[in-house]
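Here is the structure:
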């Protein structure tokens, strides 16, 4: 042990962990969302690696290999269902984490980069969801990807080229599948590792942020990260494992039918729930606004919202100066209500057709 | 006489004297000139007998190929005077009698050299076929009430057979035949039933043709022939049905019924399936119930009746087993299990059931049993797979229960530890 200690020097890490404190106040519960997101990410990495052992990324074999995983591989059904359900829980927790960090104003100086790296991680998470959705190569995922890859094509100038690069051709084919596979298991994990590393280092460097209302009251109680906060974190993680196990055992993730590029798109094609609000919003844009295609304007609008989200700490300077950011909060509530309403509309059978 | 009239007369004289009636004028201008006289007068007359043919001929397939009224009716189309135009000396034949129509149409349609000018791939044996038909035989015996070419194809607005408006287009043939064969008075005179269309309308063939739009489905001419229309002979019924149902026909010919039916003068397939009202066959055809067909010849207790009962029982058992397996797999699919491979495998049992039903036409229980046996193996395997999946599901539930219990224990342990830590070292202290 001494030999290892001399070479690795974990005492520094142990020292750092022993020093780390977590504030205790009425909003402490939201601190657990970050750890939960990290835990679910690790679940995705672990189950994803196991799926890699059997998955074959070609249009001829992808569906059959997932079928084999679900029916033949011992506990393959469990791993695949946990990966699919886990992806949805992961996105949900990341979104909740972002919302809580926004309203607790944790992006104030000096944590601007922590927020920016977190926002980028949200987009990377959505990228994981989008690229992974196609991999089983079933009818729903195939046609949803066709619709999804049409969206970047609306960007003027580089849009068609971007869609071409994304698809590996002019349409969604086996080339798209192998491309999405590469993006899902190599490119996105590599970029995510960098941003996640940066995000965690920044969190360690700046410690936990206190909400303005708590900060104004002056120094309060706190607990040790190790073991007090970590033990509480572990309760959440174990609960998440239980939920994932229950979902996998009672509601195994459906495989559907193998994609047939020559068949007409079935009715009710829609993306995963986290893209539904954008999917529904695009339907409300008229075909043309002032000679510009409506969808192009929609894509621009989404791009502007995404850019504003990343740049929140730079735009909301008042929050860093200690002023309440009322308008930002109102805009965020409005955006969230809009996203929820659009998602519900997209889920309602009557809400699916274009208005 | 105007110069135009003189020109038309000259052209008419040339046409009448040197061009065979069935050959169309060579140039477009000559065609127009040849047609204009008849059409102008017949339309101007505004007579219900003579005007409609002139109107209808504009869309006629022959008009499009350059033929004119005179090509069939003769006469001088360029003459301004009706007597001159309708002069028999100029080849005018007027309205051909039914007896003359086949020969008149055959002038071109039985002449390979003439037809080559317009449609080299078109058959030229219609007239000789017609002579072998019941229609043709009766016509040439002097019965003018039978169908001739014009009865089915029309006289002046003849459309291409592939034109969906044509009375001889597959979806219209039955109604065209029914114009005469549904005429009770006419059929009574010929001692024929007048309800064949009503029966055909109940058949699977009519459904396939008219409801599913399957143009390859049989209509009257598919079994009776078109130009050589006649009912199939008793001995040839299996051959006629076999043109589409080849497997059944081959099996029937290999069966003991083939010779027995021939000896008894029974018309093959029609004996069990009817001729016009051919309904979808069911397994009950083999039963001893109301729908049973075998018992009409085989008395209960005879070897034939026992064979039918055995085949019936075998087929029903495979059907039950297949349905049970399908239902079991459906239950597993609804419970979220991956069943597509098992469902695909089960489709081989459906194929075996189809084969068993086809093999009934051997009329040998062992032939049906072979197909049933193969299907039963597949269906039982699928059902066993469904049972395995149900057990697997139960295992998953038990596993989940155990896992949740362990997780619950671990959570309880953590909560205990947290409380213990908090008690010994209160947070923030």
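Chains as they are written, first to last, in this note's numbering: chain B, 1 to 355; chain Y, 1 to 429. Positions of the beta carbon are idealized from the N, C-alpha and C atoms, including for glycine. Bear in mind that the values here come from a model prediction, so they are computed numbers and not experimental data.
Nearest CB-CB separation between residue 266/B and chain Y: not below the 8 Å threshold.
The straight-line gap separating the alpha-carbon atoms of residue 323/Y and residue 332/Y is approximately 14 Å. The beta carbons of residue 87/B and residue 136/B sit about 12 Å from each other, so the pair does not count as a contact at 8 Å. For the region 407-425 of chain Y, the set of residues with a beta-carbon nearer than 8 Å to any beta-carbon of chain B comprises 407, 408, 410, 411, 414, 415, 417, 418, 421, 422, in chain order. With a threshold of 8 Å between beta carbons, residue 71/B makes contact with chain Y. Non-local C-beta neighbours of residue 285/B in its own chain, meaning closer than 7 Å and more than five positions away in sequence, comprise 294, 295, 297, 298, ordered along the chain. Just so you know, the alpha carbons of residue 277/B and residue 416/Y end up roughly 43 Å apart.
Every alpha helix (DSSP H) of 4 residues or more that sits fully in the region 258-345 of chain Y is shown, in chain order, as 270-273, 303-334.
For residue 21/B, the enclosing beta strand (DSSP E) starts and ends at 21-23. Among the residues of chain Y, none has a CB under 8 Å from the CB of residue 204/B; the nearest is roughly 20 Å distant.
For residue 188/Y, the three-state secondary structure derived from DSSP is helix. Look at residue 119/Y here: in three-state DSSP terms it is coil, with no helix or strand label. At least one C-beta of chain Y is nearer than 8 Å to the C-beta of residue 234/B. In terms of CA proximity to residue 104/Y, 149/Y leads the group 349/Y, 143/Y, 149/Y.
Distance from the Cα of residue 284/Y is smallest, within the candidate group 311/Y, 266/Y, 258/Y, 278/Y, for 311/Y. Counting along the chain, residue 223/B sits inside no alpha helix (DSSP H); it lies in the beta strand (DSSP E) bounded by residues 222-224. Rounded to whole angstroms, the gap between the alpha carbons of residue 46/Y and residue 82/Y is 15 Å. Listed as beta-bridge partners of residue 293/B by DSSP are 288/B. In the three-state scheme derived from DSSP, where H, G and I count as helix and E and B as strand, residue 212/Y is classed as coil.
Residue-level contact check: residue 172/Y does not touch chain B, since none of the beta carbons of chain B fall below 8 Å from its beta carbon. Residues of chain Y with a Cβ closer than 8 Å to the Cβ of residue 228/B are, in chain order, 418, 421, 422, 427.
Residue 258/B is bridged by DSSP to 138/B. Membership of residue 47/B in the alpha helix (DSSP H) is indicated by the continuous run 32-52.
Contact with chain B is absent for residue 334/Y, since none of that chain's Cβ atoms lies less than 8 Å from the residue's Cβ. Exclusion of the five residues before and after residue 156/Y leaves 53, 56, 57, 60 as the residues of its chain whose Cβ lies within less than 7 Å of its Cβ.
Chain Y has no Cβ within less than 8 Å of the Cβ of residue 345/B. Neighbours of residue 246/B in chain Y, taken as residues whose beta carbon is under 8 Å from its own, are 400, 404 in chain order.
Pairing residue 389/Y with residue 339/Y gives a Cβ-Cβ distance under 8 Å. A direct Cα-Cα distance of roughly 18 Å separates residue 174/B from residue 162/B. The Cβ-Cβ distance between residue 75/Y and residue 95/Y does not fall below 8 Å. Between residue 347/Y and chain B, the shortest Cβ-Cβ separation is not below 8 Å. Under the criterion of beta carbons closer than 8 Å, residue 129/B and residue 98/B do not qualify as touching, at roughly 15 Å.
When secondary structure is reduced to three states using DSSP, residue 59/B falls in the coil class, being assigned neither helix nor strand. Interface residue (Cβ-Cβ distance to chain B less than 8 Å): residue 337/Y is classified as such. Pairing residue 174/Y with residue 200/Y gives a Cβ-Cβ distance under 8 Å.
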